[in-house]
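Chains as they are written, first to last, in the numbering used here: chain A, 241 to 682; chain B, 241 to 682.
Next up, the structure:
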């Protein structure tokens, strides 16, 4: 036999039932909240035509997984397809492809894996889930408010309660840079540097600005504002309110805050004028949600009025957001709620011998028909091995129908935790197993 | 703007909410049944290392989607990964990789997309879902019985009631070919020819056998049996029962039938000695489930004792089965049940103006908190446009809070089907909307 590397490919994972229980439950909760907010599902293929994907991700383009042509064309080594990198490009394609289904206003969610050939690290995978909501067709800040509300509600419902929504607008940053007379063509680059204020401090940002070609004279004014902001979080607001463009930007922020803040069940919302978001495609409100105990953000989004229309002939305003579900799962991994979720069948029905086998299958069917998750032992072990199997797997109850039970139309139910065994009719046993789903036999 | 082909890649699909509702509901039902039977989820990556996949699929290998190496290695045109083609190879890898988690007996299900670069056709896609159950580690026919039971129960629960399980064993075919003295090395090839009896008849099979190198003398005996079987379905059983190998094969069939038949809620089960299954890896019981109104089978499976162990150093007996979920969905598409499933929010909360906006968001939150799926209108249209939007989308109710309703702490609920409008307190409105989830306002 050839030697195989049997581990999953770098950056991907095999999920067993015990890994899946929290994962599935959180994804289920998120989906429920999205639908409760009137977002509808959209599912696009795992891969797109390669030209749809190229030229959209800047430097990150090299992280796209490309798929070789098949058949005779394979030998050329060319790719015609690429695994999706996010859900935004597929959304843009769908918006342009099906105008009659999209209408003037369209809201959808998409939950599923995306693939990026990033360097694998703790919390960074090559295959990971994204949970996106987007609203296409509205320029109103009501759309941003709705997006932030649905994401914070999803966090609340999933059990993440200590978080901070850091709200900003690209227009705030624009007004600030305008005030300091920084040339428009440097705005994106400068924004990227300012985004790092949290991590590298004023001194670090200063060095980056120089490196990115901001003249020293202009840089110093900007740095003064940064320093003043660190000392007084209200500083930037006071500076901006005197500028028309600054005042308009602040009005957006205040409207979103006015809608969202009173309705958030957990967490808090703050205006943070230096949240910049790495991606260059945002055009208005931007936000990041940070959680205690985790370095990077657990959700983010904003308005990107030029992005979703990239394949359309007309302009398409849009805003949306995304939950960093892999990080959220890391946060929840060690909580009480995670441990409580059951991931094994409720009962193992043992098979006494070939003569009593049909009793066992019939009793298993009886339980299953009434919603009790039931495994029937299909291996070749003796009764003691069957019970040992259940015990090892963590199944709480065993059912045994031996000749005595068969003669009396009964079944023995053994609680593997307390070792208590009771004899019961099939219906009594069903009632007991339904009732004691989570508690040991009395 | 470059010209893009905006349709999904050949053989793949975009699913909107109206396409997803039946799909998700059926997948959910199937998953529920699998778990009720004590199968636990396993999720493996979308792609595997390319060497894990090569040399396992015979002629079909050319249908595998391969992924180009990244970065500098990309220019070589080589592939290091491949999209999964089924769930069996990933299962085999997992069984070999994690012996301590697998133990002596392991049962799992896996539901998700697989990818095959097949020629797209009606009902044949390049991206499609598979739903597999497998039991690893048992040689007992109880395992096959359990697999057939869980699949038939899943069909029943999904609403497919007219089906036939056609049961056979590779050993039946083996005994038959042995009886006719057909050389062992021809068995697989002959089996493939016999598998087509349904489609090409005795004459067609006869031609195929000759083509596949079966000597004319031996072929005639076999054809006599085929003809006799067409006239009398009990013929083959009578012939086999006299052979020791035939008798053993029939005993397997009879045991599985004895367990499964009395517990099937719908459909029927028959012994069909000429079901052969295309795949060469089966070693014992094989089955196909056929449904009225569809040409190809909607489920299939069997025992494949040598397959799952392909990466392991020891032998691993296993059996399993798969639901052809795309075909099942085609069967169900036009049923009453499919039409009844709701795929839009229950209510659209309109926004009167900026002053009353927070009322609208608060009322929407009130409904959502009590489980009513609620969309809030976030576009920029007037009230009539908002109601028109709801109506076009098929949302049954609109909620309006204008100045009058605001003054009285009320809300107007409009039934868009009957055009009846009622005024109510927020709590009354909530109760009404919960109650009338499916019926119009009185």
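C-beta atoms are modelled at their ideal positions from N, C-alpha and C, and glycine is treated no differently.
Taking 9 Å as the cut-off, the Cβ atoms of residue 391/A and residue 373/A count as close. Across the structure, residue 675/B and residue 614/B are spaced so that their CA atoms are roughly 15 Å apart. DSSP places residue 485/A in no beta strand (DSSP E) but in the uninterrupted alpha helix (DSSP H) bounded by 484–500.
Residue 451/B and residue 652/A have their C-alpha atoms spaced approximately 60 Å apart. At a cut-off of 9 Å between beta carbons, residue 334/A contacts chain B.
Only residues of its own chain outside the window of five on either side were considered, and among them 354 have a CB closer than 6 Å to the CB of residue 326/B, listed in chain order. Contact check for residue 284/A against residue 245/B fails: the beta carbons are separated by 9 Å or more.
Taking a contact as a CB-CB distance under 8 Å, the pair residue 307/B and residue 333/B does not count as one, their CB atoms being some 17 Å apart. Scanning 535/A, 516/A, 533/A for the CA closest to the CA of residue 543/A turns up 516/A. It is roughly 36 Å from the alpha-carbon of residue 673/A to the alpha-carbon of residue 567/B. Measuring C-alpha to C-alpha distances from residue 435/A to each of 425/A, 294/A, 410/A, 422/A identifies 410/A as the nearest.
At a beta-carbon threshold of 9 Å, none of the residues of chain A lie near residue 496/B; the nearest stands roughly 11 Å away. Nearest Cα to residue 415/B within the set 555/B, 290/B, 477/B: 477/B.
Contact of residue 662/A with chain B is not assigned, every C-beta pair being separated by 9 Å or more. Assignment of beta-bridge partners to residue 583/A by DSSP yields no partner.
Note that the region 489–509 of chain A touches the region 373–389 of chain A; at least 3 beta-carbon pairs, one per stretch, sit closer than 8 Å. Rounded to the nearest whole angstrom, the CA to CA distance from residue 447/B to residue 426/B is 15 Å. CA-CA distance, residue 637/A to residue 546/B, rounds to 33 Å.
Where residue 274/A is concerned, the enclosing alpha helix (DSSP H) starts and stops at 257–276.
Put simply, the backbone Cα of residue 256/B is about 33 Å away from that of residue 609/A. By the 16-neighbour rule on beta-carbons within 10 angstroms, residue 359/A is exposed. Proximity of residue 450/A to chain B, defined by a Cβ-Cβ separation below 9 Å, is not satisfied.
Here residue 654/A is buried. Its C-beta has 16 or more other C-beta atoms within 10 Å. Counting the other CB atoms within 10 Å of its CB gives residue 421/B a total below 16, which places it among the exposed residues. Below the 8 Å Cβ cutoff, chain B contributes 389, 503 as neighbours of residue 605/A, in chain order. A distance below 8 Å between beta-carbons, with the five flanking residues on each side excluded, links residue 345/B to the following residues of its chain, in chain order: 375, 376, 377, 378.
If the five residues before and after residue 666/A are omitted, its C-beta is found closer than 8 Å to the C-beta atoms of 603, 606, 649, 650, 651, all from its own chain and listed in chain order. Proximity of chain A to residue 447/B at the Cβ level (cut-off 7 Å) is not reached, the minimal Cβ distance being about 29 Å. With respect to the 9 Å criterion, residue 500/B and residue 490/B are not classified as neighbours on the basis of their beta carbons. Residue-level contact by beta carbon holds for residue 614/B and chain A, with a gap shorter than 9 Å.
Ranked by Cα distance from residue 305/A, the first of 550/B, 504/B, 303/B, 321/B is 321/B. In the DSSP assignment, residue 353/A falls within the unbroken beta strand (DSSP E) covering 346–355. Exposed is the label assigned to residue 316/B, since fewer than 16 other Cβ atoms lie within 10 Å of its Cβ. Unbroken beta strand (DSSP E) stretches of 3 residues or longer found wholly inside the region 303–384 of chain A: 306–308, 319–323, 346–355, 367–376, given in chain order. Residue 382/B is classed as buried because its beta carbon has at least 16 other beta carbons within 10 Å across all chains shown.
CA-to-CA, the gap between residue 503/A and residue 597/B works out to about 13 Å.
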